[in-house]
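Worksheet: one structure, shown below.
Numbering (our numbering), first residue to last: 12 to 753.
Below, the structure is given as structure tokens:
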């Protein structure tokens, strides 16, 4: 006892006499916020975290970033390798050494490769707590050195937008910088709730400044969101999955009343006449009038017509189409129709209107990899995006939304291979993709599952081996933005807890066990230094030492540049990377696909499980799965500090609740043929009748009967992608009833 007290006093003395250090980094929690962090460290322990001190309308940390200390030191944090001892999904594991865990993984990889071939190895890596060094390229290099593997294609968040941009502009999707909002006269927030879906915590501040400056803001959304309440002058509720019909009706009004930009259309677009024939009903005999769209969307015809006139006649105007409405059965049509509307009004070329460019951001050199042998002889997919090129378009890949379907069906079901080994990293895949019960069935069929994780997530419970990953505050990395222009060194604040390792270190350890001797010859810091040095040699950019001290470097854009300024300066050059060299309202690439569910012009296609579906009699409510303030996808769901802020509830309109005898706070069951969720009800006027909302990201916590009490909406969504590859979590029908007996 005296010895223990002595050492305890020594530790306390050392802590008290250790100088406090401040480590600068940015929050890396997969919300896109890039908020600067000042991490206060004393004695290799984080004692507090605060926002950075950037001047102006800078990014300030939200509650998630401020709670990161609790995430690092969470009692349920995984600190040692684990091996499954019970049934898959039971969460029964025993601690093992790294040596045993690595030998088990390597042995299974070799066995399954020898038995079924490299294509049987399936890997998916998402963005949770990862970035340049510890993201997909680290795993890709290892698995390609091993002889290849089956990689996924598509992005969960915005594949509908990717497809639409590729077919319309021939490029990746473009975006906005916050400064663009300050100078626009009209902003339409289409299914966009920036107070929650933060691509930067300063976005609401820019919207507030725009509103103060006289900008009119209109919200089109099934919910009266916090963003709508704070900023919008008008709320237009809309039924999920019907956005394209409203865009078509708006285009009808604009063209019928000669409010379109004829010069821009004639000079810079291709296929407008075919689109005009569609909206005027010359193609199918149905005019796409506001009255036609009212029946579909629930928006009054007079409101649709007024919105069309206001958008066409107000310059500059921003149509900010969120990617949420693109996560539907035909999400690519929504994005293509929005682009058509921007093009026919000419808003796309007006500074501070249309779709300002996300900038040609400087690309960071990635960890190199040999070719993936599994993809070498494969043709391109039928729905490939030319701008992606290379192996990303390979038909040997599987859509990210369909991994469960691919595992269950394999070659017999039309997939390229039979899949036996699954490695999941930086992702809570089971929880975040459609139809949880189908994914569970698929997991049970696999011969081996490896998960690299920080917590015993819904997904990790099904692993055979779980390897502990350190947080971004326990390693070095480099942050390079997709949009927004924030580059940063993710400075290591403390040493990794327990026996946790970075994803790159884990890959290196597995490579060594597999006999791969040339996987990595640099430390994380050496990689970051070389990447920053190369960047600073090519463009105006801070040196490694300056960036490390400063922590973050934000590119200054100045005045907004229209989406296609370079391409539009000389129309004769036909600079767009499309077959016509122009903005293709009629896509010639899609025309060659000859697929009935991907028409060459943007069209409204009624979704499966719409209110006209035969299932609507049994399940009459449309489910949507919005983001939640206290989570970044499924991250942070287990933190007590954040659980105190918000309760996982299902939102239902007062009208729908009354007809079901449901009151505020009642425990209810939300169900369909795919599953059942039981959580409290929030009864409100802030959601459209016929629609219910369950925030995505809650960890699935099923009982022995498979009923989820965690509130995971993907128990109810469908495991299917759109024709263009979009995740379809916002297309689902459900029923809801009060539960009397728990």
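Built from N, CA and C at the ideal position, the CB exists for glycine as well.
Review point. Between the C-alpha atoms of residue 498 and residue 489, what's the straight-line distance to the nearest angstrom?
Key: 8 Å
Review point. Fully enclosed by the segment 664-746, which beta strand (DSSP E) runs are 3 residues long or longer?
Key: 678-683, 686-695 and 702-704
Practice item. Look at residue 196 and residue 226 and say whether their C-beta atoms are less than 8 Å apart. Key: Cβ distance < 8 Å, so residue 196 and residue 226 count as in contact.
Review point. Applying the criterion that 16 or more other CB atoms from any shown protein chain within 10 Å of the CB defines a buried residue, is residue 84 buried or exposed?
Key: exposed
Review point. For residue 616, which of 480, 733 and 484 has the nearest alpha-carbon?
Key: Taking only the C-alpha atoms, the option nearest residue 616 is 733.
Review point. If we call anything under 8 Å between Cβ atoms a contact, is residue 312 one with residue 290?
Key: no
Review point. What residue does the alpha helix (DSSP H) around residue 771 start on, and which one ends it?
Key: With the chain covering 12 to 753 only, the question about residue 771 has no answer from this structure.
**Study point:** Contact with chain D by residue 229, beta-carbon distance below 8 Å
**Key:** Reference to chain D is not applicable here, since this structure consists of a single protein chain.
Point to revise | For residue 161, the nearest candidate out of 177, 132 and 37 (CA to CA) | key: 132
Check your understanding: Between which two residues does the alpha helix (DSSP H) containing residue 556 stretch?
Key -> 555-561
Check your understanding: Can you tell me the Cα-Cα spacing of residue 401 and residue 339, whole angstroms?
Key -> 27 Å
Review point. Just reading off the beta strand (DSSP E) that residue 388 is part of, what are its end residues?
Key: Here residue 388 belongs to no beta strand (DSSP E), and DSSP marks it neither H nor E.
Check your understanding: For residue 182, which residues does DSSP report across the bridge?
Key -> In the DSSP output, where bridge partners are listed per residue, residue 182 has none listed.
Exercise for review: May I ask you to list the residues that DSSP assigns as paired with residue 498?
Suggested key: 564
Exercise for review: For residue 330, write down the residues that DSSP places opposite it in a beta bridge.
Suggested key: According to DSSP, which records beta bridges pairwise, residue 330 is partnered with 199.
Review point. Which residue comes first and which comes last in the beta strand (DSSP E) that contains residue 289?
Key: Counting along the chain, residue 289 falls outside any beta strand (DSSP E), though it belongs to the alpha helix (DSSP H) covering 283-290.
Review point. Using the C-alpha atoms, what's the distance from residue 188 back to residue 367?
Key: Per-residue confidence for residue 367 stands at a pLDDT of 40, beneath the threshold of 50, marking its modelled position as unreliable; the derived number appears in the next sentence. Distance between the alpha carbons of residue 367 and residue 188: 8 Å.
Check your understanding: Taking the runs of the beta strand (DSSP E) that are 3 residues or longer, which of them lie wholly in the segment 386-437?
Key -> 432-436
Check your understanding: In the structure shown, what three-state DSSP assignment does residue 483 receive?
Key -> helix
Exercise for review: Following the continuous alpha helix (DSSP H) through residue 258, name the residue where it begins and the one where it ends.
Suggested key: 254-267
Practice item. From the DSSP output, in three-state form, read off residue 136 for me. Key: strand
Exercise for review: Find out if the Cβ-Cβ distance for the pair residue 705, residue 724 is shorter than 8 Å.
Suggested key: yes
**Study point:** alpha helix (DSSP H) runs contained entirely in the segment 593-665, provided each spans 4 or more residues
**Key:** 599-604 and 651-654
Review point. Taking DSSP as the reference, what is the three-state secondary structure of residue 311?
Key: coil
**Study point:** N-terminal and C-terminal residue of the beta strand (DSSP E) that residue 490 is part of
**Key:** 488-490
Review point. So is residue 480 buried or exposed if we call it buried at 16+ other beta carbons inside 10 Å?
Key: buried
Review point. Where residue 703 and residue 548 are concerned, what is the direct C-alpha to C-alpha distance, given to the nearest angstrom?
Key: 53 Å
Practice item. Let me know the secondary structure DSSP gives residue 462 once reduced to three states. Key: strand
Point to revise | C-beta atoms of residue 683 and residue 744 nearer than 8 Å | key: yes
Check your understanding: Measuring CB to CB, does residue 8 end up less than 8 Å from residue 315?
Key -> In the structure as shown, the chain starts at 12 and stops at 753, and residue 8 therefore has no counterpart that could be examined.
Review point. Cβ of residue 381 within 8 Å of Cβ of residue 156?
Key: yes
Exercise for review: From the DSSP output, in three-state form, read off residue 278 for me.
Suggested key: helix
Check your understanding: Hey, how far is the Cα of residue 452 from the Cα of residue 711?
Key -> 15 Å
**Study point:** Coarse secondary structure for residue 542, derived from DSSP in three states
**Key:** Looking at residue 542 - three-state DSSP - the assignment turns out to be helix.
**Study point:** Rounded C-alpha distance that separates residue 679 from residue 689
**Key:** 6 Å
Check your understanding: When you compare only the Cα positions, how much space is there between residue 172 and residue 56?
Key -> 42 Å
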